[in-house]
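Structure, as structure tokens:
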Amino acid sequence: MTPGRRRFLTTLAALALCPALPAQAQRQPAPAAFPLFDAPPDSHEITRFDIGADGLAYRLFLARPRGAAPAGGWPSLWMLDGNAAFSRLEPALLAAHPGLAVIGIGYPVEEAFDGAARARDYTPVPLETPEHGRGRDWQFGGQEAFRARLLGPIAAALAERLPLDHARRSLWGHSYGGVFVLATLLSDPGAFRAYMPISPSTGFGGGALQAMEAGARRLATGRAEVLVMLGDREHRSGTPEPVAPRPNPETVEMAARLGARGDLDLRLEVLEGLGHGATLPASLARCLALAAG
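Residues -25 to -1, 1 to 268 (mature numbering (1 follows the signal peptide of the UniProt record, and there is no 0)) are what the sequence shown spells out, left to right.
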């Protein structure tokens, strides 16, 4: 027997003796890191706190501008998946917009995402059983109830801590968060000045968002700004990657329909070479600038 063959068989035997880690332990995500808390910018005070609403727990991350607030309050960017959003925010991004309050609406977990909570809060009632979360006992369809919490007790908790201009607040969300941004635009377009769905999962639930379009509300006066951003290398989990780069057709088609509305000022931006996860950090500079403006 050759030495190489002997080493190979020895390695196999050693591996066979090693106990296999439980699948859950193998997939355990690492805790999120927050550079802003370690090195905050001179422009903002960074804090976080937990609140309860309807028996559910949320963690709010705040980047509050230093100095005196404007007479009408600060303009603000509200970011869903707040743990993930604040883990990706860098001091320079905030320093570039010293008069913008940035709010992360997250969950009291150590990881960047709480999959079950975001599935519950961000999605409309599915028309078909979603593939994501299957076998994990996830619940879907709670976007309406979450919006009531967001604009009710969560907004009230924020108002106790910093003055915000109600007419200059913007909403950002990625993936399922992008679904919630679009659902809010369709259900209550006056709730925010600007909407930023990033790589929204527009195919969720067999066309649940598209079904909402039929009864969509419109603004009686004025126009809401909508910025849709997505990569050209995204594809649904469990499906093969497209042969040639292209943005999600369902998202492009929905953006075209919404862009035809007279009460919306919609822009679609395709981020070349980026997949689904990469669009989250890539969207931040553009979206902070829009919210500040």
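For every residue, glycine included, the Cβ atom is placed at its ideal position computed from N, Cα and C.
Sorting 98, 165, 124 and 150 by C-alpha distance to the C-alpha of residue 142 places 165 at the top. In this structure, 201 is the residue among 76, 246 and 201 with its C-alpha nearest to the C-alpha of residue 231. In the structure shown, the three-state DSSP call for residue 97 is helix. Here the alpha carbons of residue 120 and residue 180 stand approximately 18 Å from one another.
For the pair residue 145 and residue 174, the CB atoms are not nearer than the 8 Å cut-off. For residue 171 and residue 55, the gap between their C-alpha atoms comes out near 11 Å.
Separation of residue 85 and residue 159 (C-alpha to C-alpha, rounded to the nearest whole angstrom) is 27 Å. Here the C-alpha atom of residue 249 lies approximately 28 Å from the C-alpha atom of residue 76. Taking the Cα positions, residue 255 is about 8 Å away from residue 63. By the C-beta density criterion, residue 233 is buried, having at least 16 other C-beta atoms within 10 angstroms.
Annotation: residue 40 is outside any alpha helix (DSSP H); the continuous beta strand (DSSP E) that includes it extends over 31 to 40.
Counting only the Cα atoms, residue 199 lies some 33 Å from residue 7. Around the beta carbon of residue 118, 16 or more other beta carbons lie within 10 angstroms, which makes this residue buried.
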